[in-house]
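Trainee: If you scroll down you'll find the structure; I have some questions about it.
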Amino acid sequence: MSDVESFPRQSARTRRFTLGEPRSFTVCSSGGRVLFLRALSGTDPRTALWALEPSGEERLVVDPARLGDSDDIPAEERARRERARETASGVVAYSADAAGDVVAFAAAGEVWVVEVETGEPRRLEAAAPAFDPRPDPTGKRVAYVHGRSLRVIGVDGTGALTVADSDDELVSWGRAEFVAAEEMDRLRGYWWSPDGGSLLVAQVDETPVPTWWIADPAHPDHAPTAVRYPVAGGANADVRLHVISLDGGATEISWDRDTFPYVAAVSWADGHPPLVTVQTRDQRTVQILEVDVATGSTATRHEDSDSVWVEIFPGVPTWCGDRIVRIADTDGARRLFVGAEAVTPPELYLRAVVGADDDGVVFTASEDDPTQVHVFGWDSSGVRRLSQAAGVHGASYGAGTTVLSSSGMDHHGQRHRVVGPTGGDDREVRSVSETPSLTPQVRLLRLGERKLSAGLVLPRDHTPGTPLPVLMDPYGGPHAQRVLAARRIWLEPQWLADQGFAVLVVDGRGTPGRDPRWEREVSRDLATKVLDDQVDALRAAKEIEPDLDLGRVGIRGWSFGGFLSALAVLRRPDVFHAAVAGAPVTDWRLYDTHYTERYLGTPESNPAAYEQCSLLDDARSLSRPLLLIHGLADDNVAAANTLLLSQRLTEAGRMHTVLPLTGVTHMTPQESVAENLLKLQVEFLHSALG
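Just so we're aligned, residue 4 is where the sequence shown starts under this note's numbering, counting upward by one.
What follows is the structure in structure tokens.
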């Protein structure tokens, strides 16, 4: 079977080669045992829980085949997986006590626990459907969310109690609201105290949030699904925090919620009071609050302000000894702070904090090359790099032990190894992911006067001197990089190139990896500069590779990339001759508060920005082939975006193509859909570009 026939199917079956890859590492308090998730093979979508023992033995702790039909999950868990972009089944998420002895997870809407030493999973008689179960740090009880309530049950199945409940169907306890999960990377809504005697719990009131209806046109007998969607300029959920003791006491945490309505992060570390990160609606000020759990009062430990916006960073705030660890943008650099001291040099671009303890901090950052991400450690002796090989590295950390996960251009998939406090204890965690049927050949470039990060991929059988139509394949927007030194990223572009294209992927202004000022270039305009950078990169690539045929240029993308693709053929038909726009935002008034208002303000405060970035009024300008693709079950970028643009195009008499995907959300995990979408896009582009 040829690559043309086999790769789309293989990519779909393996969820883009992620199945069988170890992930979600937890280092137990001894630093010896490491827990992780991994499917049993590279094509099995069911994920199992494993333990890597100090001897190096990998032990299967929970076999998903023993859990029954784990695809029968409650709506709340399905929504959490959508926000987390989770496409597998089985044990897709778990939580462990402090020692790593007891693990809790949900399957088929039921709460399960397993004692890692014995490896015997037990289903608890907990209220169902349930999701997000988490054992307390002592391993005696498990908390979980059931409907609108937060509940607790003993690991032995006794002592069930309701911690918090609501009679109002729009008020829930222990859950993350939409913008927290989708935009702030906060997927949880409750946190155990270190002693296991109380919980810090989010109370979410969605009463003020507009109701949107997600219909299923393929099943007109089904009622539409009501979704509380916080649309730009509209109301957000009202979020409060409470400390609730298992003996029945409850204290509400107080802060200036009118000024700081967003709860961005919460942490509660052993030996320290809780830390809560709150943010203003305009996202220009962030405060780190220290909570007095006895009174509910808060004290501001740090405040960051910026005239454009203040970023929220993964893994912070946390503690290093008695000092707070945070990441902040200062003087054009993104740096790690421990207490009041900036401990990293300005040339390091901080990505995230992986973990911290009394002795130091482990974090990820880029140096002078935005395509590479490395793992670093800081302690009293200074900063040292823990990952050495070129590529993209991530990590998990605990008890002085680091799990390094490394991708590179010289090998498929990831390599995972466990490194002890002194650099010893070098154990490998195996990957059983499939080997792709092709090996990409990509040139990583810096293009034009702005030195735009780019990757250029030609057909593997290309004969120099033969002109090639160009396919640009960007995301191009904030919070996501496409141009990274990891082979997996280039598999799909290589297959596309092998269909007869020169594929060019470009990260322009607004994308992360370079410096804060680069990201802020798109403030109040998500259209002009991101499109200009694609055009400039295309022309600069032509100077490097003369076989690029600039008379035949297509562009394709998904989500923000879909917006950028449609924008390209509407506003620059002199450059772009065809576009595939998947799940595009076509009118930013239809996207959520936290993301959209960060870049454009509100529709009321800055209507000109929304007009500038809307595609609807450009419909009459369409003169090139355009394929619009959208999942009709998408609750992130609503299908209304595509339907309204299609309506405007029809009213203007502009021919276009719409491909609706029945039952598909913002992700496309269905194998047949994922496989054939690639083929259909290629057929469209071949026809459009001749």
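Yeah, the Cβ is synthetic: ideal placement off N, Cα and C, and Gly gets one too.
It should be emphasised that the depicted structure is a prediction, and the values quoted were computed from it without experimental measurement.
Just to confirm the assignment, what range does the alpha helix (DSSP H) spanning I256 have?
Mentor: Looking at the DSSP string, I256 is not in any alpha helix (DSSP H), and its letter there is neither H nor E.
Trainee: Could you have a look at E686 and say whether DSSP puts it in helix, strand or coil?
Mentor: In this structure, E686 counts as helix in the three-state DSSP scheme.
Trainee: Answer yes or no: do H245 and V204 have a C-beta to C-beta separation smaller than 8 Å?
Mentor: It is a contact, given that the beta carbons lie within the stated cut-off.
Trainee: Hey, quick one: how far does the alpha helix (DSSP H) through S201 stretch, first residue to last?
Mentor: That residue, S201, is in no alpha helix (DSSP H); its beta strand (DSSP E) goes S201 to D208.
Trainee: Rounded to the nearest angstrom, what separates R623 and L471 at their Cα positions?
Mentor: Those two C-alpha atoms are separated by around 30 Å.
Trainee: Name the DSSP bridge partner or partners of W381?
Mentor: In the DSSP output, where bridge partners are listed per residue, W381 has V364 and V386.
Trainee: Are T645 and V667 touching if we call contact CB-CB under 8 Å?
Mentor: No, Cβ-Cβ distance for T645 and V667 is not below 8 Å.
Trainee: Does DSSP put Y478 in a helix, a strand or coil?
Mentor: Of the three classes helix, strand and coil, the one that applies to Y478 here is coil, per DSSP.
Trainee: State the Cα-Cα distance for the pair R337 and G480, rounded to the nearest angstrom.
Mentor: Approximately 19 Å between the Cα atoms of the pair.
Trainee: Specify the secondary structure class of A535 as computed by DSSP and reduced to three states.
Mentor: Strictly speaking, residue 535 in this sequence is Asp, with Ala absent from that position. Helix at D535.
Trainee: Taking C-alpha atoms, which residue in A488, E452, L447 and S384 lies nearest to S369?
Mentor: The shortest Cα separation from S369 among A488, E452, L447 and S384 belongs to A488.
Trainee: Using DSSP bridges, identify the partner residues of L459.
Mentor: BP columns for L459 point to R446 and L507.
Trainee: Quick one: what's got a C-beta closer than 8 Å to T589's C-beta in the same chain, skipping five residues either side?
Mentor: Correct list, in chain order: F566, A569, S617, L618, L619, N644, T645, L647 and L648.
Trainee: Rounded to whole angstroms, what's the CA-CA distance from P462 to D476? Just pull it up for me.
Mentor: Cα to Cα, the separation comes out at about 15 Å.
Trainee: For the alpha helix (DSSP H) that P616 lies in, which residues bound it at each end?
Mentor: Before going on, a small fix: residue 616 reads as Cys here, not Pro. Its alpha helix (DSSP H) spans residues P610 to C616.
Trainee: Whole beta strand (DSSP E) runs in the segment 150–237 with 3 or more residues, listed along the chain?
Mentor: Fully enclosed beta strand (DSSP E) runs of 3 or longer: 152–157, 164–167, 174–176, 193–195, 201–208, 214–217 and 228–231.
Trainee: What does a CB cutoff of less than 7 Å around I76 pick up in its chain, not counting 5 residues either side in sequence?
Mentor: For I76, where only same-chain residues beyond five positions count, the Cβ hits under 7 Å are A111 and G112.
Trainee: I need the boundaries of the alpha helix (DSSP H) containing L630, first residue and last residue.
Mentor: Where L630 is concerned, there is no enclosing alpha helix (DSSP H), although the beta strand (DSSP E) it sits in stretches over L629 to G634.
Trainee: Do you know how far the Cα of W381 is from the Cα of C323?
Mentor: For C323 and W381, the distance between alpha carbons rounds to 11 Å.
Trainee: Any chance the segment 535–554 sits against the segment 438–450, with 3 or more Cβ pairs inside 8 Å?
Mentor: Yes, the segment 535–554 touches the segment 438–450.
Trainee: Would a C-beta distance cut-off of 8 Å place D100 and E118 closer than the cut-off?
Mentor: No, these two residues do not count as a Cβ contact at 8 Å.
Trainee: Using the rule of at least 16 other Cβ atoms within 10 Å of the residue's Cβ for burial, across every protein chain shown, is A611 buried or exposed?
Mentor: By the 10 Å Cβ count, A611 comes out exposed.
Trainee: Between the alpha carbons of V7 and L499, how many angstroms are there, rounded?
Mentor: A caution first: V7 carries a pLDDT of 42, below 50, which makes its placement in the model too unreliable to give a value.
Trainee: Report the start-end ranges of each beta strand (DSSP E) in the segment 550–628 that is 3 residues or longer and not cut off at the edges.
Mentor: Segments of the beta strand (DSSP E) lying fully in the segment 550–628: 551–561 and 581–585.
Trainee: Given this structure, state the Cα-to-Cα distance separating V212 from R453, to the nearest angstrom.
Mentor: Between V212 and R453, the C-alpha separation is close to 41 Å.
Trainee: Buried or exposed: where does L474 fall if 16 or more other Cβ atoms within 10 Å of its Cβ makes it buried?
Mentor: L474 comes out buried.
Trainee: Per DSSP, what kind of secondary structure is I327 in: helix, strand or coil?
Mentor: Residue state, collapsed to three classes: strand.
Trainee: What is the C-beta distance between A483 and A540, in whole angstroms, given that I count them as a contact (C-beta under 8 Å)?
Mentor: About 17 Å separates the two Cβ atoms, so there is no contact after all.
Trainee: Less than 8 Å between the CB atoms is what I'm expecting for L173 and D208, so what's the real figure, rounded?
Mentor: Rounded, the Cβ-Cβ distance is 6 Å, consistent with contact.
Trainee: Between which two residues does the alpha helix (DSSP H) holding S2 run?
Mentor: The shown model of the chain, from 4 to 693, leaves out residue 2, and the question about it has no answer.
Trainee: Which parts of the segment 38–101 are runs of the beta strand (DSSP E), unbroken and 3 residues or longer, counting only runs that do not cross its ends?
Mentor: DSSP runs (the beta strand (DSSP E)) wholly in the segment 38–101: 49–55 and 61–65.
Trainee: Which one of V460, T514 and R523 has the shortest CA to CA distance from I492?
Mentor: When only C-alpha atoms are compared, the closest one is V460.
Trainee: Taking E431 as the reference, give the member of T21, T29 and L55 with the closest Cα.
Mentor: Here the closest residue by C-alpha is L55.
Trainee: Start and end of the beta strand (DSSP E) containing R287?
Mentor: First-last for R287: undefined, no H or E at that position.
Trainee: Per DSSP, H414 is paired with what?
Mentor: The partner list for H414 (beta bridge, DSSP) reads G411.
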